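Residue numbers (my numbering): 7 to 437.
For every residue, glycine included, the Cβ atom is placed at its ideal position computed from N, Cα and C.
Note that this is a predicted model, so its numbers are computed, not measured.
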C-alpha cells in the first residue's frame, strides 16, 4: 500500500511546521540580535551556521531510517527537539542584554539542538515520502509538501510580525512558545499511524553506514547532484541573514515590518512555485532547464534591484523582495520532483541515505552562504556606509546566481514537451 493523497497532505503539514519554527530563528531572532541588540551580523550568522553544520548528520539519520524503520519516532522526536531549541534561542536573546555571556552560551546550545531536530525530523520525513509514494505521484507529492512548507514560513513570518509591532521580551517568548508547542502537537497528529499503513521497503541485509554512503557517492548522478546543490544553495542563502537588518538599518523598518518582509518574500516563493508547477506540469510550457535558468537570472536581477533601491533611497523594497521570492520559487520548484525521482534510483532501499546526503549538502551550503553574507556585511561596514556594504553583498549573490544559471545550461538535459527524459543533476531542498 502506498501513500494516499490525504496522507501526502498530512505529511505536508509536518513540512509546514518545520518551516514555521525555523523561520523564527532565521528572521525574527536574527533581526533582534543585529538591530535591537546591536550585535555584529556575524553573531547570528555563526549561530545559524552552527545549526546548519550539525545537519551534516543527515545521512546518518537517513541511513538509520532506511535500515531500522520507525521513521514516525524520528519525525516527532526531531520536531520536539527543534521546538525546544527555538524556544531556548528566544530565551537566549532575551537574556543577552543583562547577561551577555550566559545568553550567548544558551543560544549556542539552542541552535545546536535546532540542527539536531531539523536533521532528524526533516530527513526521516523525506525518506518516508520517497519510499512510500507511488512513482507517478512523487513529483506532485514533492510539490505539495514544499508549497506547504513555504506557506508555513510565509504565514508564520507575517503573523508573528503583526503581533510583534510593539516588541517586548515577554511578548516574544509568548509568541514563540505558542508557535513551537503548536508545531509539535500538529506534527504528532499529522504523522501518527501513517507509517504503519504503508509499505516502505527496507534493505534486508544492510551494509554498514560508511559503506552504504560510499556506494551512494560512487553513483555519478548522486555525486553531480550533491555538488550542484552545494553551489546553488550558497547563492540561495546569502541574503537570508542580512535582508531584515538591511530593511531596518537602511529603510528604517521596525521589528514587525521587517518580520513581515520575510513573510512577503516567502509569499513570493509560494507564488513562483505554484506558477511554475501549473505551467510546467499542467500546461507543459517550457523545459526544466528553461525554468531553472529563468529563476536564476530573475533572482539576480531582483537582487541587483534591491541593492540599487538602497543607493537611491526609493521605498520599493517590499515589491522587490516579493519579486526575489517569486524567482527563487521558480528556481526551486523546477528541481523538486527530480530530487524525489533520483532518490529512488541506483542501489535499492537507499532513499533515506540519498535524501540525507543531499540534505547535508544543502544544509552546509546554507550555513556557509548565510555566514558568508553576514561576515561580508560586517567587513564592508568597517570602511563603507551600511547602504553600500549591503549592496555589495547583494550584487555578489546576484553574480553567483548568474554562474548557477550557466552551470544549469550545461548539466540539465532539455527535451521537448516540457519534461526531461532523465533525472537532472540539480536539486533545491526547501528546509
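Selection from the options that minimises the alpha carbon distance to residue i
{"i": "residue 267", "options": "292, 324, 243 and 233", "result": "324"}
{"i": "residue 240", "options": "114, 20 and 406", "result": "406"}
{"i": "residue 156", "options": "398, 279, 284 and 377", "result": "279"}
{"i": "residue 36", "options": "21, 19, 55 and 20", "result": "55"}
{"i": "residue 387", "options": "39, 248 and 330", "result": "248"}
{"i": "residue 23", "options": "171, 185, 42 and 149", "result": "185"}
{"i": "residue 109", "options": "122, 94 and 120", "result": "94"}
{"i": "residue 310", "options": "261, 299, 371 and 394", "result": "394"}
{"i": "residue 52", "options": "402, 263 and 378", "result": "378"}
{"i": "residue 33", "options": "124, 85, 64 and 253", "result": "253"}
{"i": "residue 233", "options": "259, 363 and 192", "result": "363"}
{"i": "residue 65", "options": "154, 98 and 222", "result": "222"}
{"i": "residue 296", "options": "329, 415 and 382", "result": "415"}
{"i": "residue 401", "options": "195, 224, 274 and 306", "result": "306"}
{"i": "residue 326", "options": "124, 271 and 190", "result": "271"}
{"i": "residue 175", "options": "102, 153, 140 and 292", "result": "102"}
{"i": "residue 381", "options": "365, 399 and 370", "result": "399"}
{"i": "residue 304", "options": "318, 275 and 259", "result": "275"}
{"i": "residue 30", "options": "273, 164 and 153", "result": "164"}
{"i": "residue 273", "options": "139, 334, 403 and 97", "result": "334"}
{"i": "residue 391", "options": "255, 50 and 371", "result": "255"}
{"i": "residue 314", "options": "229, 404 and 339", "result": "404"}
{"i": "residue 59", "options": "411, 412 and 372", "result": "372"}
{"i": "residue 150", "options": "19, 320, 121 and 321", "result": "19"}
{"i": "residue 408", "options": "242, 204 and 183", "result": "242"}
{"i": "residue 57", "options": "14, 121, 115 and 328", "result": "121"}
{"i": "residue 44", "options": "99, 78 and 61", "result": "99"}
{"i": "residue 282", "options": "339, 319 and 198", "result": "339"}
As assigned by DSSP and simplified to three states, the class of residue i
{"i": "residue 434", "result": "In this predicted model, residue 434 has a pLDDT of only 37, less than 50, meaning its place in the structure is not dependable enough to derive any value."}
{"i": "residue 389", "result": "coil"}
{"i": "residue 204", "result": "coil"}
{"i": "residue 290", "result": "coil"}
{"i": "residue 394", "result": "helix"}
{"i": "residue 211", "result": "Bear in mind that the predicted position of residue 211 carries a pLDDT of just 46, short of 50, making it unreliable; the figure below should be weighed with that in mind. Note: residue 211 maps to coil in three-state DSSP."}
{"i": "residue 321", "result": "coil"}
{"i": "residue 65", "result": "helix"}
{"i": "residue 45", "result": "coil"}
{"i": "residue 403", "result": "helix"}
{"i": "residue 249", "result": "helix"}
{"i": "residue 16", "result": "helix"}
{"i": "residue 475", "result": "It is not possible to answer for residue 475, since the shown part of the chain is limited to 7 through 437."}
{"i": "residue 76", "result": "coil"}
{"i": "residue 139", "result": "coil"}
{"i": "residue 331", "result": "helix"}
{"i": "residue 199", "result": "coil"}
{"i": "residue 225", "result": "coil"}
{"i": "residue 9", "result": "coil"}
{"i": "residue 376", "result": "helix"}
{"i": "residue 51", "result": "helix"}
{"i": "residue 236", "result": "helix"}
{"i": "residue 260", "result": "coil"}
{"i": "residue 39", "result": "helix"}
{"i": "residue 244", "result": "coil"}
{"i": "residue 428", "result": "Unreliable positioning characterises residue 428 in this predicted model, as indicated by a pLDDT of 40, which lies under 50. A coordinate reading is not provided."}
{"i": "residue 23", "result": "helix"}
{"i": "residue 283", "result": "helix"}
Residue-level contact to chain C via CB, residue i, 9 Å cutoff
{"i": "residue 318", "result": "Here there is only one protein chain, and chain C is not present."}
Presumed contact (8 Å Cβ cut-off) between residue i and residue j, rounded CB distance
{"i": "residue 126", "j": "residue 83", "result": "6 Å"}
{"i": "residue 173", "j": "residue 261", "result": "5 Å"}
{"i": "residue 131", "j": "residue 90", "result": "Their Cβ separation, rounded to whole angstroms, is 18 Å, which puts residue 131 and residue 90 out of contact at 8 Å."}
{"i": "residue 302", "j": "residue 337", "result": "6 Å"}
{"i": "residue 235", "j": "residue 368", "result": "5 Å"}
{"i": "residue 384", "j": "residue 48", "result": "5 Å"}
{"i": "residue 159", "j": "residue 16", "result": "With 8 Å as the limit, residue 159 and residue 16 do not qualify as a contact, their Cβ atoms being about 19 Å apart."}
{"i": "residue 123", "j": "residue 88", "result": "3 Å"}
{"i": "residue 294", "j": "residue 308", "result": "Contact doesn't hold; Cβ gap of about 21 Å is too wide."}
Any non-hydrogen atom of the ligand ADP within 8 Å of residue i CB
{"i": "residue 135", "result": "Questions concerning the ligand ADP fall outside what the structure shown contains, since it holds no ligand whatsoever."}
Inside the region 151-175 only - beta strand (DSSP E) runs reaching at least 3 residues | none
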